[in-house]
Amino acid sequence: MLYSLTLDGGRVGLDDAAIAGLRGRLRGSVILASDGDYDAARRVWNGNVDRRPALIVRSADAHDAAQAIDFARTHALLLSVRGGGHSAPGYGVNDGGMVLDLSLMRQITVDPARQIARVHGGALWLDLDAATQAHGLAVTGGTVSNTGVGGLTLGGGIGWLGGLHGATVDNLISAEVVTADGKLRRVSERQEPDLFWALRGGGGNFGVVTEFEFQLHPVGQVLGGMVLHPLDQARDALRFYRDFVPTLPDAAEAHAGLLAPEGTPMLALLMGYNGPIEEGERVFAPLRQFGTPSADLVRSMSYGERQVMLDEPNAVHGLQRYWRSAFTETLSDALIDEFIAAARSFSSPMNALLMFYVHGSICRRPPSATAFAARSPQWDIDAIGCWTDPAESETHIAWVRAMWSRFEPHLLGRVYANHITGDDSPEKVRASFGENHARLRRVKAAYDPGNLFRINSNITPADAA
Ligand SMILES: Cc1cc2nc3c(=O)[nH]c(=O)nc-3n(C[C@H](O)[C@H](O)[C@H](O)COP(=O)(O)OP(=O)(O)OC[C@H]3O[C@@H](n4cnc5c(N)ncnc54)[C@H](O)[C@@H]3O)c2cc1C
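Remember, this note's numbering sits 19 above the position in the sequence shown when you count from 1.
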């Protein structure tokens with residue numbers, strides 16, 4: 020097993036009677052190791068995470084979530100909260116403690132007249148995109164459809180609509196959250212504003228969000244797709260891409276990836292335009308016409324189609340993964356050369372090196388506006404090792420680590436909070452919350468002084484004055 024968590028809570032008084040009592044208070048269910056669905060229920064997106072919780076509580080509603088939180092606190096159980104299960108380090112599961120699994124809580128209500136969606140805490144982006152697109156609406160969401168709305172939103176939320184409509188948290192109007200004391204609270208700019216601020220980027224540190232209320236935007240047919248270049252042309256194409264993207268209007272998104280979908284590594288320039296198709300064609304013409312691409316797959320498509328464009332193999336649960344990440348404000352020539360050298364030596368054809376460009380509306384709010392602090396134009400760099408045979412884990416993890424040590428001198432010492440991994444140093448975790456870290460610690464002390472919610476990119480409570 021790659022990631023290990025220590026059971027520091029212990030199993031205090033966790034006996035059959037206590038579990039029967041919990042079962043009796045829930046509309047949802049409790050799954051134990053002796054149950055037939057235990058193995059499926061404990062699995063998360065990253066197949067390299069193989070942990071065995073003492074119990075899994077599948078909550079049906081906010082009341083159930085509060086019961087589970089009270090139970091975990093009273094019995095001093097290590098608590099993981101599982102939304103879509105996509106966190107690369109596997110924060111949605113632990114060894115020996117409780118998993119609060121929100122997967123039954125996927126209901127969504129859309130008010131098309133007010134352009135608002137109410138979304139339960141365990142919904143996936145594919146649920147929300149389908150419900151909102153039925154009315155020609157959308158909110159900035161993830162680029163892989165089965166990621167959880169919960170985890171992604173609480174960490175900030177970077178996606179294809181970010182340049183135009185901001186990060187996902189910039190569209191959060193209010194949230195219903197159960198805090199560590201088991202209390203259900205409705206928070207917004209007006210109600211408990213400190214907690215609302217912390218939820219918008221501080222991750223799962225402050226409670227379990229049982230409902231999100233989002234502002235939606237009209238989104239119709241969009242431009243999307245990718246232009247592929249053979250690896251021997253990737254150096255020039257990536258340099259052109261780097262110099263081109265600062266000219267993009269808010270409606271345009273352009274990312275890059277070195278991938279080997281058919282076994283041969285290549286460069287993919289990923290493009291999206293959220294406006295009139297002809298306008299997008301004009302904006303992207305220079306990037307699409309650069310060099311001699313092996314394929315140009317950019318075309319008009321529905322928003323829903325673009326939202327699943329990167330699903331293969333990223334949406335597949337159970338593959339083995341290892342992930343490192345950091346931000347950079349410059350794609351230097353030296354870093355581009357390192358990326359290309361790494362792609363030539365991919366340890367697995369499912370590996371990927373991704374460059375997600377953050378710009379536009381996301382960057383027009385000050386870093387202190389929300390807990391999500393990544394408010395300057397920059398690339399979110401991700402090195403992803405992906406393979407099928409657990410016996411090969413050491414080889415592929417060693418490959419990512421070796422590559423990462425070559426990239427790191429060219430990267431910033433901070434990372435998108437949703438991409439912090441167990442390997443990242445405490446300094447990098449702190450730096451990732453930037454100037455907001457001290458305030459986050461104070462809010463944590465007010466709402467979770469015992470650090471019940473600690474299986475995450477953890478913010479420790481501020482020391483008592
Ligand atoms: C393939 C892939 C693609 C991704 N693409 C993007 C992207 O395009 N944009 C982007 O911004 N991020 C992206 N991410 C990162 C993603 O946002 C994080 O991994 C996120 O934490 C996943 O949320 P989840 O609910 O699926 O995960 P989980 O593993 O279930 O949870 C992750 C964390 O969030 C907490 N959490 C989840 N739901 C709740 C809730 N309702 N209340 C309180 N805490 C909760 C959990 O306790 C845990 O700490 C991607 C990740 C993967 C694996």
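Glycine included, C-beta positions come from ideal geometry on N, C-alpha and C. The model shown is predicted, which means the values in this text are computed figures rather than measured ones.
Distance between beta carbons of residue j and residue i, contact taken as under 8 Å
| i | j | result |
| --- | --- | --- |
| F358 | L267 | Not quite, the Cβ-Cβ distance comes to about 21 Å (not below 8 Å), so this is no contact. |
| I488 | V377 | Outside the displayed range of the chain (20 to 484) lies residue 488, so it cannot be described from this structure. |
| L33 | H94 | 5 Å |
| V76 | D148 | About 28 Å separates the two Cβ atoms, so there is no contact after all. |
| L143 | T172 | Actually they do not touch by this definition, with Cβ atoms about 12 Å apart. |
| G47 | A85 | Incorrect: roughly 12 Å between the Cβ atoms, too far for contact. |
| V63 | G111 | 5 Å |
| G379 | G167 | 25 Å between Cβ atoms; not a contact. |
| L354 | H429 | 4 Å |
Near ligand 1: residue i beta-carbon under 7 Å from a heavy atom
| i | result |
| --- | --- |
| R325 | no |
| Y110 | yes |
| H438 | yes |
| L459 | no |
| N475 | yes |
| L171 | yes |
| N470 | no |
| I355 | no |
| I177 | yes |
| S367 | no |
| W423 | no |
Outcome for residue i when other beta-carbon atoms lying within 10 angstroms are tallied against a minimum of 16
| i | result |
| --- | --- |
| R55 | The sequence shown places Gly at residue 55, rather than the Arg named in the question. So G55 ends up on the exposed side. |
| Q210 | exposed |
| Q308 | exposed |
| T414 | exposed |
| R71 | exposed |
| H488 | It is not possible to answer for residue 488, since the shown part of the chain is limited to 20 through 484. |
| T283 | exposed |
| A304 | exposed |
| R325 | buried |
| E230 | buried |
| P556 | As displayed, the chain neither begins before 20 nor continues past 484, which places residue 556 out of reach and without an answer. |
Close Cβ partners of residue i (< 7 Å) along its chain, the five nearest in sequence each way excluded
| i | result |
| --- | --- |
| V327 | S164 |
| Y341 | L21, N67, G404, H415, I416 and V419 |
Through-space distance from residue j to residue i, alpha-carbon basis
| i | j | result |
| --- | --- | --- |
| A87 | W216 | 25 Å |
| V196 | V228 | 4 Å |
| Q152 | A186 | 19 Å |
| S99 | L203 | 18 Å |
| R30 | F233 | Interpretation of R30 is limited by its pLDDT of 42, a score under 50 that renders its predicted location unreliable; no figure is taken from the coordinates. |
| Q339 | P312 | 31 Å |
| C382 | G40 | 49 Å |
| Q397 | I38 | 48 Å |
| A279 | A371 | 8 Å |
| T407 | V335 | 11 Å |
| A464 | D200 | 12 Å |
| R92 | N224 | 15 Å |
| L24 | R473 | At L24 the pLDDT is 34, less than 50, meaning the model places this residue with poor confidence and gives no usable figure here. |
| A393 | E348 | 11 Å |
Residue i at chain C interface by Cβ criterion, 8 Å
| i | result |
| --- | --- |
| L218 | This model lacks chain C altogether, as it is built from one protein chain only. |
Residues of its chain near residue i, where Cβ-Cβ distance is below 6 Å and the 5 sequence neighbours each way are ignored
| i | result |
| --- | --- |
| L74 | V49, L51 and M117 |
| A275 | Y260, L288 and M374 |
Heavy atom of ligand 3 within 7 Å of residue i beta-carbon
| i | result |
| --- | --- |
| E230 | Judged by which ligands are present, ligand 3 is missing from the structure shown, whose ligands are ligand 1. |
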